[in-house]
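Colleague: Residue numbers (our numbering): 26 to 393. C-beta atoms are modelled at their ideal positions from N, C-alpha and C, and glycine is treated no differently. All of these numbers come straight from a predicted model, not from anything done at the bench. Once you've had a glance at the structure underneath, I'll fire off some questions.
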Amino acid sequence: MQFTMKTDELRKGVRLASGAAERKTTAPVLQNVHLATSGKDSVEITATDLTLTTTARLTGTVAKSGGVVINAKKFSEIVGSLPDGEVTLEGLENNSVLIRCGKIECKLVGMKEDEFPRTTKPTGTRLFKVKRANLEKMISRTIFAVANDEVRRNLSGVCIDTVEGDKVRMVATDGHRLSMVEAELGGDVDVNFSGVIVPKKGITEFKRILAEAGEEVEIGLLQNQIILSTSDVFTSTKLIEGRFPDYMQYIPKDNDKILIIDRAGFIGSLRRMKILSGNNNVVRIKLKKGSLTVTSDDPLSGEGREEMDASYDGPALDVALNAGFLAEALGTMDSEKVRMELQDELSAIKVVPEGDSGYVYIVMPVRQ
Numbered sequence: 026m027q028f029t030m031k032t033d034e035l036r037k038g039v040r041l042a043s044g045a046a047e048r049k050t051t052a053p054v055l056q057n058v059h060l061a062t063s064g065k066d067s068v069e070i071t072a073t074d075l076t077l078t079t080t081a082r083l084t085g086t087v088a089k090s091g092g093v094v095i096n097a098k099k100f101s102e103i104v105g106s107l108p109d110g111e112v113t114l115e116g117l118e119n120n121s122v123l124i125r126c127g128k129i130e131c132k133l134v135g136m137k138e139d140e141f142p143r144t145t146k147p148t149g150t151r152l153f154k155v156k157r158a159n160l161e162k163m164i165s166r167t168i169f170a171v172a173n174d175e176v177r178r179n180l181s182g183v184c185i186d187t188v189e190g191d192k193v194r195m196v197a198t199d200g201h202r203l204s205m206v207e208a209e210l211g212g213d214v215d216v217n218f219s220g221v222i223v224p225k226k227g228i229t230e231f232k233r234i235l236a237e238a239g240e241e242v243e244i245g246l247l248q249n250q251i252i253l254s255t256s257d258v259f260t261s262t263k264l265i266e267g268r269f270p271d272y273m274q275y276i277p278k279d280n281d282k283i284l285i286i287d288r289a290g291f292i293g294s295l296r297r298m299k300i301l302s303g304n305n306n307v308v309r310i311k312l313k314k315g316s317l318t319v320t321s322d323d324p325l326s327g328e329g330r331e332e333m334d335a336s337y338d339g340p341a342l343d344v345a346l347n348a349g350f351l352a353e354a355l356g357t358m359d360s361e362k363v364r365m366e367l368q369d370e371l372s373a374i375k376v377v378p379e380g381d382s383g384y385v386y387i388v389m390p391v392r393q
């Protein structure tokens, strides 16, 4: 195998594909990427952990067809350090790969090509065009609430549901918070998701790939896989088996105490007080008519207090919250103001951006 292409083209391909490689595994081959020529002017880079598979398509000049398998991390680091210009990759004997860029030459020891898992693109399903920005925004508003829980596997991903009309709903929860967004994907999507659960690594890679995609991308379902395709990348991930909890029952309906506050100022206050909260990130939100006060007190870190003007006309409340949980959600909102609906010091709190009914965030107070 031998091919030449622009350095930035190879950088982009390695960056897009290598995220699917497994970093910690007892199967060393899964730490690699597979490079294979495709015709006279293209190369495909594939990585897989057997659940998630990503293939990036690159444009270059192929001098000799073939394929090689090399370590994803080392290859990514070398390619990332090369200067702009042209780079040539050549497969050598003993599964080594020679990388040349200007006066730079590097040789990487690889593995036998037939040791890399056989990966085939899912066929037999229709892909639907959607707006990249809409899909990326929905993922951003849910991914941070996914549980890191190997026991409760059904919580370790983002649930996607089809709702009335052309809307899609995404939900994630770790048992302490729940993030739910509902929106139109803005394309010709006509697929019934009906409670599919996309694993965290897969949805993370989707988000990373979408950040470099064009205005439209394609998505689809095939049996136990969800597929994302862009002009440069084709990626698929197996879905998590099991049922996602009935999340609608966790949306508070009787929270009658309403707080409206400047979103950016509130985020800043939470982040400052979090610094002084110690390892548990817990701050206190104290409400009284016309104002909100955020306080933090930790014997090893210090203490802080910050008062802000707010629209609030209810009784005094003193609620302990995880500042990181709340700040993360507020950071994904676009509105100038944020609305918090409370019932008492121990009940779930509903947080929504003012003027945006498609996003709901629920956070549980901390019992102290």
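Please work out which residues of its chain come closer than 8 Å, Cβ to Cβ, to V54, disregarding the five sequence neighbours upstream and downstream, and give them in chain order.
Modeller: V94, M136, E140, F141, P142
Colleague: If I234 and T260 are in contact, beta carbons under 8 Å, what's the gap, nearest whole angstrom?
Modeller: 6 Å
Colleague: Are the beta-carbon atoms of G38 and L83 separated by less than 8 Å?
Modeller: yes
Colleague: I need the DSSP call for K192, collapsed to helix, strand or coil.
Modeller: strand
Colleague: Which two residues bound the contiguous alpha helix (DSSP H) that contains V391?
Modeller: Premise fails: V391 is in no alpha helix (DSSP H) and is neither H nor E.
Colleague: Considering only their Cβ atoms, is the gap separating G85 from V68 smaller than 8 Å?
Modeller: yes
Colleague: Can you confirm whether the stretch 371 to 388 touches the stretch 345 to 356 when touching is taken to mean that 3 or more C-beta pairs between the two stretches lie within less than 8 Å?
Modeller: yes
Colleague: If M163 sits next to A208, beta carbons under 8 Å apart, how far is it from one beta carbon to the other, in whole angstroms?
Modeller: 6 Å
Colleague: List in chain order: all unbroken beta strand (DSSP E) runs of 3+ residues lying wholly within the stretch 139 to 198.
Modeller: 153 to 156, 182 to 187, 192 to 198
Colleague: In terms of residue numbering, what span does the alpha helix (DSSP H) encompassing I292 cover?
Modeller: 288 to 300
Colleague: Taking the straight line between their C-alpha atoms, what separation do you get for V183 and K89?
Modeller: Between the alpha carbons of V183 and K89 lies a gap of roughly 43 Å.
Colleague: Skipping 5 residues on each side, what residues in its chain have a beta carbon closer than 8 Å to that of D66?
Modeller: T84, G85, T86, V87
Colleague: What separation, rounded to the nearest whole angstrom, lies between the Cα atoms of S294 and T62?
Modeller: 53 Å
Colleague: Quick one: is R202 buried, meaning 16 or more other Cβ sit within 10 Å of its Cβ, or exposed?
Modeller: It counts as buried.
Colleague: Just verifying my parser: in three-state terms, what is the DSSP assignment at Q368?
Modeller: coil
Colleague: Can you tell me whether D74 is buried or exposed? The criterion is at least 16 other CB atoms within 10 Å of its CB, across all chains shown.
Modeller: buried
Colleague: So, helix, strand or coil for D33, using DSSP?
Modeller: helix
Colleague: Helix or strand or just coil, what does DSSP make of I103?
Modeller: Helix, per DSSP.
Colleague: Who are the Cβ neighbours of A345 in its own chain at under 7 Å, not counting the five residues just before and after it?
Modeller: Apart from the 5 residues on each side of it in sequence, A345 sits with its Cβ closer than 7 Å to the Cβ of V307, R309, P390, V391, Q393 in its chain, given in chain order.
Colleague: Alpha carbon to alpha carbon, what distance is there between L312 and T397?
Modeller: Nothing can be reported for residue 397, as the shown portion of the chain is limited to 26 through 393.
Colleague: Going by the CB atoms, is the gap between G245 and T255 shorter than 8 Å?
Modeller: no
Colleague: Leaving out five residues before and five after F169 in sequence, what residues of the same chain have Cβ atoms less than 6 Å from its Cβ?
Modeller: E353
Colleague: Around the C-beta of G116, are 16 or more other C-beta atoms found within 10 angstroms, so that it is buried, or is it exposed?
Modeller: buried
Colleague: In this structure, what does DSSP give as the bridge partners for H59?
Modeller: T71, V94
Colleague: Can the beta-carbon of L152 be found less than 8 Å from the beta-carbon of L284?
Modeller: no
Colleague: Give the secondary structure of P224 by DSSP, where H, G and I count as helix, E and B as strand, and everything else as coil.
Modeller: strand
Colleague: Quick one: residues in its chain with C-beta nearer than 7 Å to the C-beta of V171, no 5 flanking neighbours on either side, listed in chain order?
Modeller: S181, G182, V183, A197, D199, K225
Colleague: Just list the beta strand (DSSP E) runs in the stretch 330 to 381, keeping only unbroken ones of 3 residues or longer that don't cross its boundaries, in chain order.
Modeller: Here the runs fully enclosed are 342 to 347, 362 to 367, 374 to 378.
Colleague: Give the range of the beta strand (DSSP E) segment to which S204 is assigned.
Modeller: 202 to 209
Colleague: Could you please give the first and the last residue of the uninterrupted beta strand (DSSP E) stretch that includes Q250?
Modeller: 250 to 254
Colleague: Whose CA, out of N57, F28, C131, K375, lies closest to the CA of T113?
Modeller: F28
Colleague: What did DSSP end up calling S43 once you bin it into helix, strand or coil?
Modeller: helix
Colleague: For the beta strand (DSSP E) holding R15, just list the boundary residues, first then last.
Modeller: Residue 15 cannot be examined here, being either before or after the span of the chain that is shown, 26 to 393.
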